[in-house]
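Colleague: First the structure, which I've put down as structure tokens, then a few questions once you've had a look.
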Amino acid sequence: MKNKHVAVLLGGFSSERPVSLSSGKACADALENEGYRVTRVDVARDVGSVLAALKPDVAFNALHGPFGEDGTIQGVLEYLQIPYTHSGVLASALAMNKEQAKKVAKAAGILVAESKVANRFAIQNKHPMKPPYVVKPVNEGSSFGVVIVHEGQSHPPQVIGSSEWKYGDTVMVERYIHGRELTCAVMGDVALGVCEIIPTGHSFYDYDSKYVAGGSKHETPAKISPNIYQKIQTLALKAHQAIGCRGVSRSDFRYDDRHSENGEVVWLEINTQPGMTPTSLVPEIAAHAGHSFGELLSWMVEDASCLR
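Residue numbers (the UniProt record's numbering): 1 to 308.
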């Protein structure tokens with residue numbers, strides 16, 4: 001029903017606020033073009049009272065990072081009984097904690113990278129595992145705080161123990177997986193397709209690669225063998241279901257084909273609030289699968305519910 005009143009939640013106060021503002025604007029504009037009545041809500045601490053007064057039919061969650069995709073805003077929306085897009089409280093909280101999400105994925109039979117959780121100060125002077133490895137915050141997105149420790153590096157990166165670090169004291173140390181960066185979007189109970197991300201001028205798919213125009217090249221569909229393509233789609237849907245996701249999600253993988261075409265496909269993480277900016281992956285993958293940006297967003301609005 002295109003006459004629905006949709007509150008697009010954007011901005012917020014996490015480190016990913018700029019991404020959310022961009023996602024939210026793109027979504028709000030597209031939903032208006034689809035005929036919905038849209039109110040843009042820049043989320044602050046009073047969001048509960050703002051939404052209670054606004055009484056929208058649906059909340060379109062375009063927030064990223066802590067508070068927006070970790071189950072917190074989802075709980076507020078449940079309390080207010082406002083149907084909302086994307087995953088519910090439990091799946092959002094679980095997916096946001098990378099280590100816990102990997103435990104669930106592994107239990108579902110999905111190959112994940114060896115990892116351990118540590119206090120950042122405990123690993124600042126001695127390698128927690130043999131390099132190469134990756135250090136990443138447990139509860140951040142958009143590659144914030146990700147540090148790659150290369151083979152032959154004599155000591156852990158000093159930034160981890162410094163006052164510059166602003167991503168919490170608990171970090172995940174993960175075996176570095178060589179290979180190609182692949183991602184798969186899931187929409188409902190369908191894996192839409194696989195895209196390969198080729199960073200241009202960056203060592204990995206970091207923040208600038210994601211959100212700065214020209215920061216990365218996207219190959220949609222990914223130029224990989226049909227059996228690997230199908231395998232990644234199957235694994236992405238399996239992760240989506242095992243973690244309890246709803247609506248749209250995106251799973252990231254590494255595919256190491258250095259030694260054979262079958263290689264090693266390793267699941268890295270799932271994103272329950274994938275970006276919806278002009279350079280984002282899910283809209284591009286959806287378009288290749290035959291869904292325009294407006295159609296994708298309309299589906300998400302009509303899919304919205306509570307008790308997700």
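Each residue gets a CB set at the ideal place from its N, CA and C atoms; glycine is no exception.
1. Give the C-beta separation of Val149 and Ser249 to the nearest angstrom, bearing in mind that I take them to be a contact with Cβ-Cβ under 8 angstroms.
2. For the 8 angstroms Cβ check, are there 3 or more pairs between the segment 217-233 and the segment 151-161?
3. Just checking, does the segment 127-142 make contact with the segment 284-296 on the three C-beta pairs under 8 angstroms criterion?
4. Can you tell which of His288, Glu69, Cys306 has its C-alpha closest to the C-alpha of Ser15?
5. Are the segment 5-24 and the segment 267-282 touching, with three or more C-beta to C-beta distances below 8 angstroms?
6. With a threshold of 6 angstroms on Cβ separation, who are the neighbours of Ser49 within its own chain once the five nearest residues in sequence on each side are excluded?
7. Going by DSSP in three states, Pro199 sits in which element: helix, strand or coil?
8. Where do the ends of the beta strand (DSSP E) carrying Glu261 lie?
9. Between which residues of its own chain and Ile177 is the CB-CB distance below 7 angstroms, once the five residues before and five after are set aside?
10. Look at the alpha carbon of Thr39 and the alpha carbon of Val8, and state the distance between them as a whole number of angstroms.
11. From the DSSP output, read off the bridge partner residues of Pro137.
12. Is the distance from the Cβ of Val301 to the Cβ of Val6 below 8 angstroms?
13. Using the C-alpha atoms, what's the distance from Met172 back to Ala62?
14. Are the CB atoms of Ala93 and Ile243 nearer to each other than 8 angstroms?
Modeller: Inspection of the coordinates gives the following:
1. At roughly 29 angstroms, the Cβ-Cβ gap does not stay under 8 angstroms, so Val149 and Ser249 are not in contact.
2. no
3. no
4. Glu69
5. yes
6. none
7. In the structure shown, the three-state DSSP call for Pro199 is strand.
8. Where Glu261 is concerned, there is no enclosing beta strand (DSSP E), given that its DSSP letter is neither H nor E.
9. Ala113, Arg254, Asp256, Val266
10. Taking the straight line joining both Cα atoms gives about 6 angstroms.
11. BP columns for Pro137 point to Val171.
12. yes
13. If you take the alpha carbons of Ala62 and Met172, they lie about 26 angstroms apart.
14. no
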